[in-house]
Amino acid sequence: MLKGLKWVGVTVLGMGVLVGGVLLVSWLMPVPAEERRALQVMEAGLPAMAPERNAFPAIWLLDHDGMTPAQIQAQTAEDARRWAPGPARGAAPAGDAVAVETHVAKVTPATRWCRRDVSACLAAVRADADAVAQAHAGHDGLHARIAALGEDDHYRSLFVPDTAMPFPAFQVLMERTSWHALAHVRGNSTQALQGTCEDIRTGRMLMARSDSVLVAMVGSAMAERNAGLFTEILAELPAGAAVPATCQQALVAPTVAELDLCLPMRGEFAFVRAAMANQPALEQAQGWLHVEGKTQARNAWQMSRTCGAKVQAQIHDDRPVQLPAAPSIWSLACVANAAGCMTLAISEPAYDDYSLRMQDAGAQLRLAGAMLWLHGQPRGQTDALARLAAMPQALRSTQRPPQLSADGQRVQVPRYGRAGDGGPPWVSAALPQAWRPH
């Protein structure tokens with residue numbers, strides 16, 4: 139029996155030495171060069187931009203009436219100071235997110251109409267025009283503030299990245315969609331087109347030059363929704379009807395930089411880093427099953443994949459983005475950093491869909507640009523698809539050429555990302571009136 143116990147002891151000791159050796163080798167493994175490079179880029183942060191062109195203060199207080207630009211700047215700075223993380227990280231300060239709420243009128247946005255499927259927007263507003271008008275009554279100031287966002291050129295939150303930091307009420311950005319539809323329904327189509335194109339411009343700015351994936355996705359929804367509504371309005375106008383010059387600028391073909399999420403991911407990295415610093419399980423595992431430096435380097439690489447040459451080429455060609463697979467959590471490198479690797483593996487799948495949804499927003503912008511181009515073309519004997527074959531190269535996609543809908547009233551391309559909430563499986567645009575089948 140003693141001999142048996144001796145062998146058990148030797149086996150346990152041997153296993154302990156083996157496990158310890160594997161942990162030591164894993165701990166001593168250097169950070170891969172590509173992860174080090176990614177970390178340097180992410181830690182460099184976002185490029186400096188003129189603070190007076192930052193849309194954040196205006197969006198932070200967008201639903202608050204009666205404030206001057208100077209008051210908006212001062213109040214935003216005060217709110218950022220109140221929410222700065224203190225000794226207890228992640229602890230929220232007492233009081234409301236916006237200290238000014240008690241003495242400045244706050245507007246309730248009219249976002250009941252024209253939500254995901256804008257193909258039904260005009261019909262919904264026509265059927266309920268009085269209610270839409272009533273919901274927008276007294277919102278002139280809010281409408282003007284949303285329109286003015288197009289003069290800004292970036293979005294940078296003034297809050298220190300932290301798990302408890304608040305975000306603006308982004309749904310307010312969609313306030314004007316039904317207002318544009320109502321303007322068209324009541325005969326002011328030029329105002330309606332002008333408004334949709336102003337909001338497209340703002341959405342595209344948020345897509346390309348914001349500091350988080352959330353804001354970029356809000357921007358893509360804003361641009362996509364208004365681009366769709368633009369084509370619905372244009373389809374009801376006679377051939378040759380004038381279109382505001384703003385629309386020619388707002389509907390140029392999207393660039394790779396607008397769709398690749400590179401800049402938003404840099405800001406997102408700072409937020410994720412703060413969130414991970416607030417994870418007790420990771421803190422407890424530090425030095426045993428969590429190596430902070432390796433976790434952050436791996437995370438930097440994971441969040442910078444859309445900036446790689448292969449993914450950039452996919453976006454340029456409008457092929458569905460396929461991000462490079464993250465290293466396996468079962469690799470030797472993860473033995474000494476198991477907690478960090480598993481934490482990052484949880485969030486990794488979400489990034490694929492973000493990229494695909496950005497590509498779908500790009501497809502909607504291209505279709506709207508194509509409909510604007512088609513609106514100015516003589517009909518002759520050519521059908522819509524044949525004429526679209528000659529549209530400017532930048533508006534084309536060899537991967538998703540436009541197809542006619544079953545009723546012949548629309549052009550459409552398949553959606554790459556998840557539609558969600560009953561959204562349509564197609565990205566589509568209404569054909570201009572002159573190009574619909576007779």
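Its first residue numbered 139, the sequence shown is counted upward by one per residue in this note's numbering.
C-beta: ideal position from N, C-alpha, C; glycine also.
Here the structure is a predicted model, which means the values were calculated and not measured.
- Excluding sequence positions up to five before and after His281, its CB lies within less than 7 angstroms of the CB of Arg314, Trp317, all in the same chain and listed in chain order.
- Just so you know, the alpha carbons of Met312 and Ala171 end up roughly 43 angstroms apart.
- Bounds of any beta strand (DSSP E) do not take in Val323; it lies within the alpha helix (DSSP H) bounded by 314-323.
- Just measuring C-alpha positions, the residue of Pro247, Pro530, Ala365, Arg220 sitting nearest Asp255 is Ala365.
- In this structure, the straight-line span from the alpha carbon of Cys472 to that of Gly514 is close to 59 angstroms.
- Here the alpha carbons of Met414 and Asp498 stand approximately 31 angstroms from one another.
- Within 10 angstroms of the beta-carbon of Lys432 lie 16 or more other beta-carbons, which makes it buried.
- Under DSSP, Arg548 forms a beta bridge with Ala568.
- Leu399 is the residue among Leu399, Met187, Thr384, Arg283 whose C-alpha sits nearest the C-alpha of Leu494.
- Judged by DSSP secondary structure, Trp198 falls within the alpha helix (DSSP H) whose first and last residues are 194-198.
- Residue state for Leu401 is assigned as helix, using DSSP reduced to three classes.
- By the Cβ neighbour-count rule, Asp349 is buried, with 16 or more other Cβ atoms within 10 Å of its own.
- When the beta-carbon positions are compared, Leu200 and Gly405 stay at least 7 angstroms from each other.
- Take the alpha-carbon of Thr444 and the one of Ser543: they are about 32 angstroms apart.
- The secondary-structure analysis by DSSP pairs His292 across a beta bridge with Asn192.
- According to the DSSP secondary-structure assignment, Gln541 is paired through a beta bridge with Gln550.
- Inter-residue distance for Gly276 and Ala567 is about 32 angstroms (C-alpha atoms, whole angstroms).
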